[in-house]
Every structure is written in C-alpha cells, then in structure tokens.
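With the working numbering, the residue at position 267 of the sequence shown is 267, and numbering never jumps.
Beta carbons: idealized from backbone N, C-alpha and C, even for Gly.
I have placed the structure first, in the form of structure tokens, so that the comments after it can refer back to it.
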Amino acid sequence: MQVSDWLMLNVIVPFSTTYKIAKEDWMCGQEDILMSLSYSSMAGDCEMYALRVNQCCAYHDECYSLQLGQQKCDNEFCHCLDVVSEIIRDRMCDMFIRAKCTLVSRFGQSAYTNSKKSISLLWKWELYLLVNGLYSTFSKHIELSFEEIVKSCVLLHEHCIEVVDSDPADLCLEELKICVKTAYDYYPEARCLSAIEEVFPGAGNLKTKKNWLEGRLYILKPYIYRALFILTILVVTLCFMSSIVGLVMVCSKDPDLDRAVAGARRYPRWLTSLREIASRRGDHSEKRQRKKKKRKSKRGQTSDLELP
Numbered sequence: 001m002q003v004s005d006w007l008m009l010n011v012i013v014p015f016s017t018t019y020k021i022a023k024e025d026w027m028c029g030q031e032d033i034l035m036s037l038s039y040s041s042m043a044g045d046c047e048m049y050a051l052r053v054n055q056c057c058a059y060h061d062e063c064y065s066l067q068l069g070q071q072k073c074d075n076e077f078c079h080c081l082d083v084v085s086e087i088i089r090d091r092m093c094d095m096f097i098r099a100k101c102t103l104v105s106r107f108g109q110s111a112y113t114n115s116k117k118s119i120s121l122l123w124k125w126e127l128y129l130l131v132n133g134l135y136s137t138f139s140k141h142i143e144l145s146f147e148e149i150v151k152s153c154v155l156l157h158e159h160c161i162e163v164v165d166s167d168p169a170d171l172c173l174e175e176l177k178i179c180v181k182t183a184y185d186y187y188p189e190a191r192c193l194s195a196i197e198e199v200f201p202g203a204g205n206l207k208t209k210k211n212w213l214e215g216r217l218y219i220l221k222p223y224i225y226r227a228l229f230i231l232t233i234l235v236v237t238l239c240f241m242s243s244i245v246g247l248v249m250v251c252s253k254d255p256d257l258d259r260a261v262a263g264a265r266r267y268p269r270w271l272t273s274l275r276e277i278a279s280r281r282g283d284h285s286e287k288r289q290r291k292k293k294k295r296k297s298k299r300g301q302t303s304d305l306e307l308p
C-alpha cells in the first residue's frame, strides 16, 4: 500500500478558500529559498490544496529522515501528489503541484543525504492539540518519531473544524484519529503506539496487549538501567568498605603491625572475610608462643651446661 493511500485525502471534508496555512507550518522544501518558492506557488486559487500537499511533504521529510531510500521516498511522494492532482480542477495548480515531484526527483540527493537524524528523537516532547475545545498533551514523557506528520494532521483537523457544519467535533476527531494512526503504520514502534494511546485511549484495533507492554517497557527501560547501575555501585562500595574495616581491625589488635599487614596482603582483598583474618591471626599468635617456648627451653639448656 502506498503512503498516499493512508493519507487523509477523503472528500468528506470539503475545500475552503478561506483557510490559509501559515508559512511556519509549511513543510515543503529543505532550504529557506526553496521553501518560500514552494509556499508561494500554492497561493491564490491553489491555496485550497495546500494542506493536502503539505501532508505529502511531511511524509516525504520523515521518509528522508528515516533513510528509507531516496527512490522509495520520491516515488511515494510523487504518487501522493498524483492523488491530490486527481481532485484539482485548476490546470495551473495541477502544473505547480506536479512540478514538485520533478524537482525532488532531480535535485533530492543532497537533501536526502543531509536529512539523516537520530531515532532517539524527542524525549519529553509536547504537542498541544488546542482545537475547538480539544486540549491534550501529546506524548508527554514519551518518544514520538513522526513529529511533522502529526503536526500536519493537526492542521488538517483545524481545517476540518472550520469548514464542516454538522457535528464537526465527532467527524473531525475521528478523521484526526485516522490520520495519526496512519502515521503509526508508517513508523510502527511500540513507543509511538504509547503516544497515540495517551491522546486517544483505546484508539481502534491498534492496541494489543503485547504492544502495550512493549511500549511501557520501553519507557521504563532507562530507569531500570539506572537503578541497576546504582545498585552495582552500592554493592561494590560495601565490599570495599568491609575489606578496609576488616584490615583495620586486624592491624589494631596485632602488636606486630608490619607482620599483620604482610599477612593480609597474601590473600585476595575482596574475598577475605573477617573470620578468616581472625583465624589466621590466631594461628600466627600460636606459632609465636611455640617459638618463645623453644627459645626459653634452649636458654635453659644452655645455662645448665655452663654451670660447674
């Protein structure tokens, strides 16, 4: 299935010449000059198609950022523009829109090379959906990869609210859900599903127990690693302190300080327990007592021989 088949290009939401997309929300064009030219080409009678074209550009930018292959990204982009062109009645607008496909195919190599970005992306990123009473924090404390696509979905939702007369809240919210879920299909990661579920609880049939658990584990993974690291540091510190305390206790009780230190060095510092050190200290003291007795007995024998 092509990307354009997922896009929110249905005819349920009519076109409106009164809705104008802001220049800072325009996503077509990598450089400022090209972006300005592309934005200007959608002015006037073509303005009613700008949101659809902008959605195609959002997917194209994310495809470049994920480095899914330049030819694949360009083909999907051109197919998306073809779908938009099918509902365009103005020949000049149709020409401007189709020209974007030609320009991308010929001059997109440098843009594709420079678009690579890290997939760690947006930690604690917040996108507020402030549309006709809808106010939600999108993916707070959750990573979200398809930022441009979601922003484009919000613009389409704002347009829907403006032009739909009957029950706009229900219809437009449902269209927004579809738009965001198709973005998940484009980049199916558990962390992205968690972000969608935060804004739209129970959003359709995307939610499964496995994906929900994967999303929560992904969120908790940094904290688990951090806790394990701290626990390891504490264990190593306690082992080191216990060995130091044991060595100090042995040295403080042994009158022969140098001999006690030398005896302690013969054994692994991290494996020697206090009981082993104490027992070896007792063995050393018994040996010293036996040596003293031998010396005394030798002295006594010598003194007996010297007597007349």
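Exercise. Whose C-beta lies closer than 6 angstroms to the C-beta of L66 among residues of the same chain, with five residues either side of it excluded?
Worked result: none
Problem set entry | Close beta carbons around E148, own chain, < 7 angstroms, minus the five adjacent residues each side | M27, A58, D61 and E62
Exercise. Short check: CB of K151 to CB of D25, under 9 angstroms?
Worked result: yes
Exercise. In whole angstroms, what separates the C-alpha of L155 from that of C101?
Worked result: 22 angstroms
For this session: Have a look at K177 and C80 and give me their C-alpha separation to the nearest angstrom.
Result: When rounded, the separation of the alpha-carbon atoms in K177 and C80 is 20 angstroms.
Exercise. DSSP state of N75, grouped into three classes?
Worked result: In this structure, N75 counts as helix in the three-state DSSP scheme.
Exercise. Quick one, are the C-beta atoms of G108 and Q70 less than 9 angstroms apart?
Worked result: Yes, these two residues count as a Cβ contact at 9 angstroms.
Exercise. When you compare each of S105, S36 and K291 to Y64 by their alpha carbons, which one comes out closest?
Worked result: S105
Exercise. Can you give the Cα-Cα distance for L238 and L228, rounded to whole angstroms?
Worked result: Put simply, the backbone Cα of L238 is about 15 angstroms away from that of L228.
Exercise. Looking at D32 and C93, is the spacing between their C-beta atoms short of 9 angstroms?
Worked result: no
For this session: Given a cut-off of 9 angstroms, decide if E47 and I21 are closer than it, judged by their beta-carbon atoms.
Result: yes
Exercise. Taking DSSP as the reference, what is the three-state secondary structure of R89?
Worked result: coil
Problem set entry | Of the listed residues V235, Y223, M35 and Q30, nearest to N114 (C-alpha basis) | Closest by alpha carbon: Q30.
Exercise. Which first and last residues belong to the alpha helix (DSSP H) in which Y55 is found?
Worked result: Looking at the sequence shown, residue 55 is not Tyr but Gln. Its alpha helix (DSSP H) spans residues A50 to S65.
Problem set entry | Spatial neighbours of L37 in its chain, beta-carbon cut-off 8 angstroms, leaving aside the 5 residues before and after | The beta carbon of L37 sits closer than 8 angstroms to those of G29, all from its chain and outside the five residues before and after it, given in chain order.
For this session: Kindly indicate the opening and closing residues of the alpha helix (DSSP H) around D32.
Result: Run containing D32: D32 to S41, per the alpha helix (DSSP H) assignment.
For this session: Could you have a look at M27 and say whether DSSP puts it in helix, strand or coil?
Result: coil
Problem set entry | Assigned exposure category for Y223 - 16 Cβ within 10 Å defines buried | exposed
Exercise. Which value, in whole angstroms, describes the spacing of the CA atoms of I161 and E174?
Worked result: 12 angstroms
For this session: Please list, in chain order, all residues of the same chain as D90 whose beta carbon is under 8 angstroms from its beta carbon, the five residues on each side excluded.
Result: D45 and C46
Problem set entry | Continuous alpha helix (DSSP H) stretch holding S110: start and end | Q109 to T113
Exercise. By DSSP, does I21 sit in helix, in strand, or in coil?
Worked result: coil
Exercise. Sorted by chain position, which residues of the same chain lie with C-beta nearer than 6 angstroms to M35's C-beta, five sequence neighbours on each side aside?
Worked result: G29
For this session: Kindly indicate which three-state DSSP category L68 falls into: helix, strand or coil?
Result: coil
Exercise. Can you give the Cα-Cα distance for F240 and Y225, rounded to whole angstroms?
Worked result: 23 angstroms
Exercise. Using the rule of at least 16 other Cβ atoms within 10 Å of the residue's Cβ for burial, across every protein chain shown, is L158 buried or exposed?
Worked result: Just to set this straight, residue 158 is Glu in the shown sequence, not Leu. Buried, by the Cβ-count rule.
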